[in-house]
Structures are given as C-alpha cells and as structure tokens.
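Residue numbers (my numbering): 153 to 315.
All residues carry an ideal CB built from backbone N, CA and C; glycine is no exception.
Taking it in order: structure first as structure tokens, then the write-up.
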C-alpha cells in the first residue's frame, strides 16, 4: 500500500541582500574600478579547479522532493537575458539534513546573481519560461564528488511547491 505524498506550498519572496544573508550573497551591478568590498562575492573555490559555464535548463515546474548542498565550495548562479527565476534554500549546518521549517523560497530578478555559501541547501533554479540559460560557477567536479542530496519524499513523505 502506497502512501500519498504531502505537498507544502512555499511562498517565494523577492530576494534582497538582507533576507538572503543566512544562505549567501546577492550580487548586483557595480561601477567598473570599484575596490573589493562586502558587496562583492566572497568565493571559496580552493578545493579544486573552478568551472564557469552556461547551462541551459528547461522548465520543470516548481515542485521539488529533494534538496542538495555542496560542502567543498561556494556556488554562483545567475540567469542570462534578464529572466526572473526561483530558488528554495535552507541554511548550512552540521546536520546531514535540513530543518523543514528553515526551507524558504526566493524570487530572483534577472539583473543580479546569487552566491550560495558552502553547505547551503538548495533546490532549483525554477522558472516559468520554456528554458532559461544560467551561468554557474562551482568546481569542475562538484556534481560528481560534492553533491549531497536529502530526499524529502523518502524521509518525510513531503514535496514542496514554490508559489
């Protein structure tokens, strides 16, 4: 006998530097020649070869049953062509699972990018367009050796939907 999976709606809030601080940084345009300061991304890429690439993602809805983290590096994501997008996150921590109460969602405008702190749990990017191209900065082997996922369906019989 199978048990039906519960669905929890997760409202997306517009991202700001302040409301995203527990998960990473929001980086917006600055003038050329500006000195490095707290508004610039603080990267941790010393555990391997940095990889900066453009990935094309196709629309897959706004539901997720798994959430992932990388414990060896920071990750930067931003959309091309100014398209807005969505991401669910939970703060990094010592546990091998996120706290369900700590999972939140953000709407990210296409004129900035996010830097996820080391260990930040994340699901996404999600969006409503047919496809969106994203630039991604992580390590060359992040998705092979540093891709730790927690299965919300298996452990909590729960999926989230970003609304």
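CB-CB length for residue i against residue j, believed under 8 Å
i: residue 279; j: residue 238; result: 6 Å
i: residue 316; j: residue 219; result: Since the first and last residues shown for the chain are 153 and 315, residue 316 lies out of range.
i: residue 215; j: residue 283; result: So it is not a contact: roughly 18 Å between Cβ atoms.
i: residue 177; j: residue 266; result: 7 Å
i: residue 259; j: residue 179; result: Wrong, their Cβ atoms sit about 16 Å apart, outside the cutoff.
i: residue 182; j: residue 191; result: 6 Å
Cβ shell of residue i (< 7 Å), same chain only, five flanking positions each side left out
i: residue 223; result: 270, 271, 298, 300
i: residue 208; result: 283, 285
i: residue 250; result: 219, 242, 273, 302
i: residue 324; result: Examination of residue 324 is not possible in this model, given that the chain is present from 153 through 315 alone.
i: residue 234; result: 262, 263
i: residue 254; result: 242, 243
Beta-carbon proximity list for residue i, same chain, < 6 Å, skipping 5 on both sides
i: residue 261; result: 236
i: residue 303; result: 218
i: residue 211; result: 282
i: residue 174; result: 243
C-beta contact flag for residue i and residue j at 8 Å
i: residue 308; j: residue 268; result: no
i: residue 240; j: residue 162; result: yes
i: residue 263; j: residue 200; result: no
i: residue 157; j: residue 291; result: no
i: residue 242; j: residue 314; result: no
i: residue 221; j: residue 274; result: yes
Beta-carbon contacts of residue i that lie in its chain and below 8 Å, excluding the five residues immediately before and after
i: residue 194; result: 177, 226, 267
Exercise. Touch check for the region 279–293 and the region 226–243: three-plus C-beta pairs under 8 Å?
Worked result: yes
For this session: Report the residue ranges of all beta strand (DSSP E) runs contained in full by the region 218–288; include only those spanning at least 3 residues, in chain order.
Result: 218–221, 227–231, 234–242, 256–262, 264–268, 273–278
For this session: Counting only runs of 3+ residues fully inside the region 164–224, write out the beta strand (DSSP E) ranges in chain order.
Result: 164–166, 176–180, 202–210, 218–221
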